[in-house]
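Structure record follows, encoded as C-alpha cells.
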Amino acid sequence: MDILQSINDFNEAKQVIPGGVNSPVRAFGSVGGTPRFIAKGKGAYIYDEDDNEYIDFVQSWGPLIFGHANEVIESALSLAIKDGLSFGAPTEKETTLVKQIIALSGSAEKMRLVNSGTEATMSALRLARAYSNKDDIIKFEGCYHGHSDSLLVSAGSGCATFGTPSSPGVPNDITKHTFVARYNDIESVRACFEQSKNVACVIIEALAGNMGFVPADKKFMQDLRALCDEYNALLIIDEVMSGFRAGLKGAIGLYDVQADLVTYGKVIGGGMPLAAFGGRADIMDMLSPVGGVYQAGTLSGNPIAVSAGLATLLQIKANPTLYEHLEVLAKRLIKGLKEAAQSYEIPLQVDCRGSMFGFFFNQKEVKNFDDAKCSDTAMFARFHQKMLDKGVYFACSQFETGFICSAMNEMIIDEVIMKAKAVFGEITHEIESRI
Ligand code: PLP
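Heads up, the sequence shown is in my numbering, so the first residue is 72 and it goes up one at a time.
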C-alpha cells in the first residue's frame with residue numbers, strides 16, 4: 072500500500088503541531104507506523120491522502136452512527152450555515168435538541184449543552200461538589216472522562232497507551248481529592264468511601280470504552296447505586312461514548328440504574344463539537360444564572376452543532392430498529408473475529424453492546440483495567456498494522472472501542488472477518504518461521 076502522502080503530511084505536521092496530531096492517540100504511538108492522513112469519508116469508508124480506501128471502525132471515535140458524510144446531516148448543516156454560524160444568544164433549536172435528548176434517553180430532567188465531553192464531565196463534577204458540599208470524588212481505574220485535572224488520574228486509552236497514569240502539570244493538590252476504585256469491584260468502592268468520608272460523587276463509564284471495551288456487571292452497577300445512596304453521594308454516569316451508541320437509552324437503559332447526573336457527547340453532536348450534561352432538576356438548577364455554580368461557553372449550543380445533533384437524533388427516532396440492526400452486525404463481527412483467531416489458536420476475548428464492540432488479545436475474560444493490561448499489545452499492534460494494509464481501519468490501540476455505523480452491512484463485516492483470518496494466518500506463519 073502506498074502511503075507516501077501520509078508520510079509527508081505527518082513529517083510536515085510534526086514541525087508545527089506537537090507529535091503531528093491534535094489528540095495524542097491519533098499518532099499511532101502504540102501500534103507503530105504512520106498515521107493515515109484522511110482526505111474524505113463516505114458511509115462506512117474513509118480515504119487517505121494517497122486515495123487508499125479503508126472500512127472505518129473508528130467513526131471519528133464514536134460520533135458518526137450514520138457513517139461519514141450522512142446526507143441528512145449534511146443538508147441540515149447546509150441550511151443552518153446560511154442563517155449564521157453563532158449568535159451567543161439563545162436559539163429555539165437548543166431547546167428542541169435538549170427536549171429530544173431528554174425524551175429519547177429518559178435520563179435527565181434538565182440539561183445544558185457544552186462543546187466537548189471533557190467540558191461535560193468537568194461541569195458535572197463541579198455541580199456534584201457544590202450540591203453535596205463535599206470535595207472528594209471516586210473514579211475507576213481505566214475509565215476516561217476527558218482531560219480535566221480532577222479526572223486525569225488512572226485514565227485509560229491515550230494515557231494507558233503511553234503508560235502515563237496521570238499527567239505532569241496536574242497539581243497533587245487537585246488529584247488528592249480523586250479516589251480511584253477498581254472497575255467491577257464494589258468492595259474497592261466501599262474502601263474509597265470509608266477512606267475519604269467526604270465523597271461528593273462517583274463517576275463511571277457503565278460501559279467502559281477507554282480500557283478497551285469492558286461492560287460493568289449489572290449487579291455491580293446496582294450495588295454502586297446503593298452505595299452512593301448509603302454514603303449520600305451523587306452517581307454520575309458518563310455516557311459520552313455509550314449514549315445513543317449502546318442503545319437508544321444508552322448504558323443507563325441497559326443497566327436500569329438511575330444516575331443523578333449524566334453526560335453525553337459524540338453521537339448527540341452528529342460529528343460536530345457538542346456535548347451535554349444533565350440530571351435531576353433540583354441539581355441542575357444550582358447552575359448559574361439560577362444558582363451560584365458557574366459554567367459557561369462562547370460557542371455552547373451554537374446553531375451549527377445543534378443542527379447536526381438534531382438531524383442525528385431525528386434519524387435515530389425515525390429508525391426504531393437501528394440499534395438491533397447495529398448489534399446484529401457487531402455480534403457477527405466479534406463472533407467472526409473470535410472464530411478466525413481460534414482457528415489459529417490465538418486467544419481473543421470479544422464483547423459488544425449495541426454498536427460498540429471490543430476485542431482483547433488476552434487469555435482471560437477482561438473485567439477491569441488490570442485484566443486489560445495483561446493483553447498482548449504486541450500482537451494487537453501486528454494485527455492492527457496488517458489489517459490497515461488490507462484496508463480495515465481499527466482504533467490504533469488495544470485500549471479502545473470499535474464502532475459500527477448504519478452504513479455497514481453483512482457483506483462488509485464478512486469481508487473484514489475474511490481479512491482478519493488471513494492476517495491471523497500470516498502472523499502465525501511469521502511466528503512459526505522465527506522459531
Ligand atoms: N467521557 C468519555 C466516556 C469519553 O470516551 C470521552 C472521550 O473519548 C470523554 C468523556 C471526553 O470527551 P471529549 O474528547 O469530547 O472531550
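All C-beta atoms, glycine included, are put in the ideal place defined by N, C-alpha and C.
What are the boundary residues of the beta strand (DSSP E) that GLU124 is part of?
The residue labelled residue 124 in the question sits at position 53 within the sequence shown. It spans 124 to 127 - the beta strand (DSSP E) in which GLU124 sits, taken as one unbroken run.
Within 10 Å of its beta-carbon, does SER228 have 16 or more other beta-carbons around it, so buried, or fewer, so exposed?
What you label residue 228 is simply residue 157 of the sequence shown in a count that begins at 1. Here the model assigns SER228 a pLDDT of 48, short of 50, so the residue's position is not dependable, and the following value carries that caveat. That one is buried.
Under three-state DSSP, which class holds LEU419?
To locate residue 419, count along the sequence shown from 1; it is residue 348. Three-state DSSP puts LEU419 in coil, outside helix and strand.
For ALA174, count neighbouring Cβ atoms within 10 angstroms of its own Cβ and tell me buried if that reaches 16, exposed if not.
Counting from 1 along the sequence shown, the entry for residue 174 is found at position 103. So ALA174 counts as exposed.
Taking 8 angstroms as the limit between beta carbons, can you name the residues of its chain near ILE498, skipping five residues before and five after?
For the purposes of this step, residue 498 is identified with residue 427 of the sequence shown, where counting begins at 1. Excluding residues within five positions, the ones whose Cβ falls inside 8 angstroms are TYR415, ILE417, MET450, ARG453, PHE454, LYS457.
Name the DSSP beta bridge partners of TYR118, please?
Position 47 of the sequence shown, counting from 1, holds the residue named residue 118. For TYR118, which the question treats as bridged, DSSP gives the partners LYS111, GLU124.
Three-state secondary structure (DSSP) at ARG505?
Numbered from its first residue, the sequence shown carries residue 505 at position 434. It is helical.
Looking only at its chain, what residues have a beta carbon closer than 7 angstroms to the beta carbon of LYS111, apart from the 5 residues adjacent to it on each side?
Taking the sequence shown and counting its residues from 1, one reaches residue 111 at position 40. The answer, listed in chain order, is TYR118.
Between GLN70 and the rest of its own chain, which residues show a CB-CB distance below 6 angstroms, the 5 nearest in sequence each way excluded?
Residue 70 falls outside the range modelled here, since the chain spans only 72 to 506, and no answer is possible.
Out of GLY425, LEU419, PHE315, which has the shortest C-alpha to C-alpha gap to GLN43?
Residue numbering for the chain in the displayed model covers 72 to 506; residue 43 lies beyond these limits and cannot be assessed.
Counting C-beta neighbours from all protein chains within 10 Å, is the total for GLU398 16 or more, i.e. buried, or is it exposed?
Within the sequence shown, residue 398 is the residue found at index 327, counting from 1. Label assigned to GLU398: buried.
By DSSP's criteria, CYS272 is part of a beta bridge. Which residues make up the other side?
On the sequence shown, position 201 is the one that residue 272 refers to. According to DSSP, which records beta bridges pairwise, CYS272 is partnered with ILE208, LEU305.
Classify HIS139 as helix, strand or coil using the three-state DSSP reduction.
Residue numbering aside, residue 139 sits at position 68 when the sequence shown is read from its first letter. HIS139: strand per DSSP, three-state reduction.
From the DSSP secondary-structure annotation, give me the bridge partner or partners of ARG97.
The residue you call residue 97 lines up with position 26 of the sequence shown. For ARG97, which the question treats as bridged, DSSP gives no partner whatsoever.
Give me whichever residues DSSP pairs with MET182 in a beta bridge.
Position 111 of the sequence shown holds residue 182. DSSP lists GLY349 as partners of MET182.
I want to check one thing, is the minimum distance from the CB of ASN281 to the heavy atoms of the ligand PLP below 7 angstroms?
In the sequence shown, the residue the question calls residue 281 occupies position 210. The answer is yes for ASN281.
With burial defined as no fewer than 16 other Cβ atoms inside 10 Å of the residue's Cβ, what is the status of SER337: buried or exposed?
Taking the first residue of the sequence shown as position 1, residue 337 is located at position 266. Correcting the residue identity first, residue 337 is Lys in this sequence and not Ser. Looking at its Cβ environment, which holds 16 or more other Cβ atoms inside 10 Å, LYS337 is buried.
Can you look up LEU223 in the DSSP assignment and give me helix, strand or coil?
Locating residue 223 in the sequence shown gives position 152, counting from the first residue. Here LEU223 sits in coil by DSSP.
Let's test the definition: count the other Cβ atoms within 10 Å of the Cβ of ALA443 and tell me whether it reaches 16, buried, or not, exposed.
Position 372 of the sequence shown holds residue 443. Answer is buried; the Cβ neighbour count reaches 16.
Using C-beta distances below 8 angstroms, list every residue in its chain close to GLY363, excluding the 5 sequence neighbours before and after it, in chain order.
Taking the sequence shown and counting its residues from 1, one reaches residue 363 at position 292. Around GLY363: ALA201, MET357.
Looking at GLU276 and the ligand PLP, is the gap between the Cβ and the nearest heavy atom below 7 angstroms?
The residue given as residue 276 occupies position 205 in the sequence shown. Yes; taking the cut-off as 7 angstroms, the Cβ of GLU276 has a heavy atom of the ligand PLP nearer than that.
What does VAL463 pair with, by DSSP beta-bridge criteria?
As a first step, residue 463 is located in the sequence shown; it is residue number 392 there, counting from the start. According to DSSP, VAL463 bridges with ILE126.
Using C-beta distances below 8 angstroms, list every residue in its chain close to ILE78, excluding the 5 sequence neighbours before and after it, in chain order.
Position 7 of the sequence shown, counted from the first residue, corresponds to residue 78. Contacts found: THR105.
Return yes when the Cβ of GLY425 is within less than 8 angstroms of the Cβ of GLY280, no when it is not.
As a first step, residue 280 must be located in the sequence shown, where it is residue number 209. As a first step, residue 425 must be located in the sequence shown, where it is residue number 354. Not in contact: GLY280 and GLY425 (Cβ atoms no closer than 8 angstroms).
Which value, in whole angstroms, describes the spacing of the CA atoms of LEU408 and GLU395?
What you label residue 408 is simply residue 337 of the sequence shown in a count that begins at 1. What you label residue 395 is simply residue 324 of the sequence shown in a count that begins at 1. The straight-line gap from Cα to Cα measures roughly 20 angstroms.
Three or more C-beta pairs closer than 8 angstroms, one from the region 212 to 221 and one from the region 277 to 294: is that the case here?
Flag = yes, the region 212 to 221 and the region 277 to 294 touch.
With distances taken from CA atoms, which of ALA382, ILE387, VAL96, PHE315 is nearest ALA147?
Counting from one through the sequence shown, the residue named residue 147 turns up at place 76. Among ALA382, ILE387, VAL96, PHE315, the Cα nearest to that of ALA147 belongs to ALA382.
Nearest to GLY380 by CA position, among PHE440, PRO344, GLU410, is which residue?
The count along the sequence shown starts at 1 and reaches residue 380 at position 309. Cα-wise, what sits closest to GLY380 is PRO344.
Whole beta strand (DSSP E) runs in the region 406 to 457 with 3 or more residues, listed along the chain?
Those beta strand (DSSP E) runs which fall completely within the region 406 to 457 and span 3+ residues are 420 to 424, 427 to 431.
Quick check: is any heavy atom of the ligand PLP less than 7 angstroms from the C-beta of THR249?
Start at 1 with the first residue of the sequence shown, and residue 249 comes out as number 178. No - the ligand PLP has no heavy atom lying nearer than 7 angstroms to the Cβ of THR249.
Less than 8 angstroms between C-beta atoms, sequence neighbours within five positions excluded: which residues of the same chain meet that for ARG316?
Position 245 of the sequence shown holds residue 316. Excluding positions up to five away in sequence, the list reads GLY133, ILE136, LYS337, VAL338, GLY425, SER426, MET427, PHE474.
In whole angstroms, what separates the C-alpha of GLY342 from that of SER131?
As a working note, residue 342 is residue 271 in the sequence shown. As a working note, residue 131 is residue 60 in the sequence shown. Distance between the alpha carbons of GLY342 and SER131: 7 angstroms.
I need the straight-line Cα distance from ILE405 to ASP353, nearest angstrom please.
Numbered from 1 along the sequence shown, position 334 holds the residue referred to as residue 405. Numbered from 1 along the sequence shown, position 282 holds the residue referred to as residue 353. Taking the straight line joining both Cα atoms gives about 42 angstroms.
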